[in-house]
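Enquirer:
In UniProt numbering, the protein residues as written are 1 to 554.
This is the structure we're talking about:
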């Protein structure tokens, strides 16, 4: 029979490894730079920050793609990186434990809580690192090389639950990154996130705390019970209406809207104000009633005395902290899309690939109440979250926004649009369909993640002929520290998140003039298998010789 004590706690706790249990992320980042330098690849801390949560195989593939050398494979890069990382971590030993993590794990063993370890790190690396640590008592370990799909896919957590013989939906996952939290949530488990370098937004069956320091099993299981007590579907909050569909609110803070709490270390927490609820942190709790009805810009003290600043989120804050099912377009890229995509008040805009609605929010604010945005999303669960996020931010449904669930090519309305934005895996497959509805002079913007996708989109546009020469960009940002005479680049930065490519639609029957600048030798050579522009003859694309003149040549 299940007693009240066992019913009050999860069937098992599934731990992430890097940056949740142990602080290995700085070592990985340092070793990534060392490996890159060893092979002659430019790689910065910003690059490492941008790929937090990525598996070592995905990282090696990305490095190999950027390096572009035939004599260096992804496996070469991975083996070198793993060797450096394991050697460095073995030297650290127990110093790797994050504050509170080892103590909480020890208490779980004492209370006979079932525990497993799930990581994107390969099993052989995990075992090499664990050998330098005290016995941790994990009943099951799942490495990144033991599942078909790594995080954010749920495979690792599903397998760990199977190895323990428990229902994954009754498990609790501890994670530090949005990628890992998404994996835990996709498995059906409850997630408690402890963000390390990248903020993790709260969501259904997911809570966020700032540290494991001082966290006990009692507190952790209280958070678990709160999560499983939440409704299965997202609640529609009572939201104060903003003026002019801008999402900007003023006056006293009201129930239903989101606020950002910032502590004295600069850590931020996104909270939706609800009467009767408390915001919990390891520094104590804050009653939502202490903020509801108060002016924006106040400070509130947690039960421990820790002071938090309370402000409404800016659009950029909201975009990265709102609930999400899919990855969001970051503010730096959204800003470039609005500028280079020329999104203007009153515009008729087509959007494909809505995700969680971050870019939709930015474009709806830009087009204003007189504009029209037709958005297409293949997955119903993404569309549901996007709709809730947009209406939460704007305070009401936008009269010009239509959200269609379905494939763009199959569902596209036969009506003209001024601008088009594609955020999808294969935007080149939709160029013809978009070209049919985009007015002459209209702007097409595509957002893609990899250089391979970038090249395919550009060459498809050139081959089509009815578009201007594509313009491709990548945006990185870097924080700065300015205090007295200490003015220097800050530690925070945002590296690669994606590429943008822009092009304008030409009039019917018109093709872009032939480029006078010849492509680089070999660009469209024998190894190229993508779309080939009409003005690129094979004879001009042979890979050049070594450059050494033959005998008798001058």
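Note that beta-carbon positions come from the ideal geometry of N, C-alpha and C, so glycine has one too.
Values in this document were obtained by computation on a predicted structure and should not be read as measured data.
Nearest to residue 559 by alpha carbon, out of 187, 139 and 508?
Expert: Because the chain in this structure spans residues 1 to 554, residue 559 falls outside the shown range and cannot be described.
Enquirer: Please report how far the alpha carbon of residue 231 lies from the alpha carbon of residue 470, in whole angstroms.
Expert: Residue confidence for residue 231 is low, a pLDDT of 44 falling below 50, so the modelled location carries little weight and cannot support an answer.
Enquirer: What's the C-alpha gap between residue 275 and residue 286?
Expert: Roughly 12 angstroms between the two C-alpha positions.
Enquirer: Could you spell out the range, first to last residue, of the alpha helix (DSSP H) harbouring residue 89?
Expert: Taken as a continuous stretch (DSSP letters only), the alpha helix (DSSP H) holding residue 89 covers 74-92.
Enquirer: Between the Cα of residue 158 and the Cα atoms of 111, 183 and 479, which residue gives the shortest distance?
Expert: Checked all of 111, 183 and 479; the closest Cα to residue 158 is 183.
Enquirer: Measure from the alpha carbon of residue 207 to the alpha carbon of each residue in 279, 267 and 152, then state which is nearest.
Expert: If we check each option's Cα against that of residue 207, 279 comes out closest.
Enquirer: Determine the closest residue to residue 346 out of 226, 486, 368 and 381, with distance taken between C-alpha atoms.
Expert: That would be 368, whose Cα lies nearest to the Cα of residue 346.
Enquirer: Beta-carbon within less than 6 angstroms of residue 193's beta-carbon, same chain only, minus the 5 sequence neighbours each way: which residues are those?
Expert: Excluding sequence neighbours, residue 193 sits near 175, 181, 200 and 208.
Enquirer: For the alpha helix (DSSP H) containing residue 168, name the first residue and the last one.
Expert: No alpha helix (DSSP H) contains residue 168, which DSSP labels as neither H nor E.
Enquirer: Just to confirm the assignment: which complete beta strand (DSSP E) runs, minimum length 3, are found wholly within the region 385-409?
Expert: List check, beta strand (DSSP E) in window: 401-405.
Enquirer: Secondary structure at residue 160, three-state DSSP: helix, strand or coil?
Expert: Residue 160 falls in the helix class under three-state DSSP.
Enquirer: May I have the straight-line CA-CA distance separating residue 133 from residue 258, to the nearest angstrom?
Expert: Approximately 42 angstroms between the Cα atoms of the pair.
Enquirer: Which residue marks the beginning of the beta strand (DSSP E) containing residue 28, and which one marks its end?
Expert: Segment 25-38 is the alpha helix (DSSP H) holding residue 28; no beta strand (DSSP E) there.
Enquirer: In this structure, does DSSP put residue 372 in helix, strand or coil?
Expert: Reduced to three states, the DSSP call for residue 372 is strand.
Enquirer: Going by C-alpha to C-alpha distance, which of 442, 428 and 434 sits closest to residue 448?
Expert: Nearest C-alpha to residue 448: 428.
Enquirer: In chain order, what residues of the same chain have a beta carbon less than 6 angstroms from the beta carbon of residue 101, not counting five sequence neighbours either side?
Expert: Cβ within range, chain order: 21 and 212.
Enquirer: Give the single residue among 407, 89 and 12 whose Cα lies nearest to the Cα of residue 29.
Expert: Residue 29 has its Cα closest to that of 89, out of 407, 89 and 12.
Enquirer: Beta carbon of residue 473, beta carbon of residue 496: below 8 angstroms?
Expert: Not in contact: residue 473 and residue 496 (Cβ atoms no closer than 8 angstroms).
Enquirer: Near residue 17, which residues of its chain fall below 7 angstroms by C-beta distance, leaving aside the five closest residues on each side in sequence?
Expert: Once the five neighbours on either side are set aside, the close Cβ partners of residue 17 are 117, 119, 121 and 126.
Enquirer: Between residue 468 and residue 420, is the Cβ-Cβ spacing less than 8 angstroms?
Expert: Not closer than 8 angstroms, so no.
Enquirer: Could you work out which residue in 148, 62, 152 and 494 is closest to residue 332 when comparing CA atoms only?
Expert: Looking at the Cα atoms, 494 is the closest of the given residues.
Enquirer: Would you report the Cα separation of residue 239 and residue 272, rounded to the nearest angstrom?
Expert: Interpretation of residue 239 is limited by its pLDDT of 49, a score under 50 that renders its predicted location unreliable; the figure taken from the coordinates is listed afterwards. Going from the Cα of residue 239 to the Cα of residue 272 covers about 10 angstroms.
Enquirer: Can you tell me whether DSSP reads residue 329 as helix, strand or coil?
Expert: Residue state, collapsed to three classes: coil.
Enquirer: At a threshold of 7 angstroms, does residue 476 count as lining the ligand NAD (C-beta to nearest heavy atom)?
Expert: Within the structure as shown, the ligand NAD is missing, as the structure has no ligands at all.
Enquirer: Work out the CA separation of residue 224 and residue 161 for me, nearest whole Å.
Expert: C-alpha separation (whole angstroms): 17 angstroms.
Enquirer: Could you tell me the alpha carbon to alpha carbon distance between residue 138 and residue 78, rounded to whole angstroms?
Expert: Approximately 27 angstroms between the Cα atoms of the pair.
Enquirer: Give me the DSSP bridge partner(s) of residue 203.
Expert: Its beta-bridge partners are 206.
Enquirer: Just to confirm, is the Cβ distance from residue 395 to residue 247 under 8 angstroms?
Expert: Yes, these two residues count as a Cβ contact at 8 angstroms.
Enquirer: If you drop the 5 nearest sequence neighbours on each side, which residues of the same chain put their C-beta closer than 7 angstroms to that of residue 237?
Expert: Reliability of the predicted coordinates at residue 237 is poor, the pLDDT of 47 falling under 50, and the value obtained from them is presented with this limitation in mind. Same-chain partners within the cutoff: 256, 272 and 392.
Enquirer: Within a Cβ cutoff of 7 angstroms, which residues of the same chain sit near residue 292, ignoring the five residues on either side of it in sequence?
Expert: Once the five neighbours on either side are set aside, the close Cβ partners of residue 292 are 253, 254, 255, 273 and 275.
Enquirer: Please give the ranges of any alpha helix (DSSP H) in the region 296-328, keeping only runs that are unbroken, at least 4 residues long and fully inside the region.
Expert: Whole alpha helix (DSSP H) segments, 4+ residues: 315-321.
Enquirer: Give me whichever residues DSSP pairs with residue 622 in a beta bridge.
Expert: Outside the modelled stretch of the chain, which goes from 1 to 554, sits residue 622, for which no answer is possible.
Enquirer: So what does DSSP say about residue 344, is it helix, strand or coil?
Expert: In this structure, residue 344 counts as coil in the three-state DSSP scheme.
Enquirer: Check this for me: beta carbons of residue 433 and residue 403, under 8 angstroms apart or not?
Expert: Their beta carbons are not under 8 angstroms apart, which means residue 433 does not touch residue 403 by this criterion.
Enquirer: Tell me which residues share the same chain as residue 81 and place their Cβ nearer than 6 angstroms to its Cβ, disregarding the 5 neighbours each side in the sequence.
Expert: 31 and 35.
Enquirer: Taking the straight line between their C-alpha atoms, what separation do you get for residue 215 and residue 15?
Expert: Roughly 15 angstroms between the two C-alpha positions.
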